[in-house]
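**Student:** I'd like to ask some things about the structure below.
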Amino acid sequence: MILETLRQTRIEQGKSQTFMSKQLGYKYTSGYANIEMGRSNPPLVKAVKIAELLGKEVDELFFEKKLHKSSKNSA
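This is the structure:
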């Protein structure tokens, strides 16, 4: 499951939910914890920041399937 990947990645890197919450600008740890537990979905800006903090791609942490990269259409 995707949320397990998010939690597992954070734990493997030795980062606490408190650290993540502060880095994301949440007043309380529950702001981040709710994302990790699937109670809320982060706005794209926060999802990107979470991915940056964990050194991962957004699609690795939040999507079941890889996102398609935009490609230029050749005419």
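Each position in the sequence shown, counted from 1, maps to that position plus 1356 in my numbering. Glycine is no exception: its CB is placed at the ideal position from the N, C-alpha and C atoms.
Could you round the C-beta distance between leucine 1380 and tyrosine 1388 to whole angstroms and report it? I think they count as a contact, below 8 Å.
**Tutor:** Taking the sequence shown and counting its residues from 1, the one referred to as residue 1380 is at position 24. Taking the sequence shown and counting its residues from 1, the one referred to as residue 1388 is at position 32. The Cβ separation is near 6 Å, so the contact holds.
**Student:** What are the start and end residues of the alpha helix (DSSP H) that includes lysine 1371?
**Tutor:** Position 15 of the sequence shown holds residue 1371. Taken as a continuous stretch (DSSP letters only), lysine 1371 belongs to no alpha helix (DSSP H), as it is neither H nor E.
**Student:** For glutamine 1369, count neighbouring C-beta atoms within 10 Å of its own C-beta (all shown protein chains included) and say buried if the count is 16 or more, exposed if not.
**Tutor:** Residue 1369 sits at position 13 when you count from the first residue of the sequence shown. Classification of glutamine 1369: exposed, given that the 10 Å Cβ count is below 16.
**Student:** Please go through the same chain and pick out, in chain order, the residues whose beta-carbon is closer than 8 Å to the beta-carbon of threonine 1361, but skip the five residues on each side of it.
**Tutor:** Translated into the one-based positions of the sequence shown, residue 1361 becomes position 5. For threonine 1361, where only same-chain residues beyond five positions count, the Cβ hits under 8 Å are Glu1416, Leu1417.
**Student:** With H, G and I counted as helix, E and B as strand and the rest as coil, what does DSSP make of serine 1377?
**Tutor:** As a first step, residue 1377 is located in the sequence shown; it is residue number 21 there, counting from the start. The answer is helix: DSSP assigns serine 1377 an H, G or I state.
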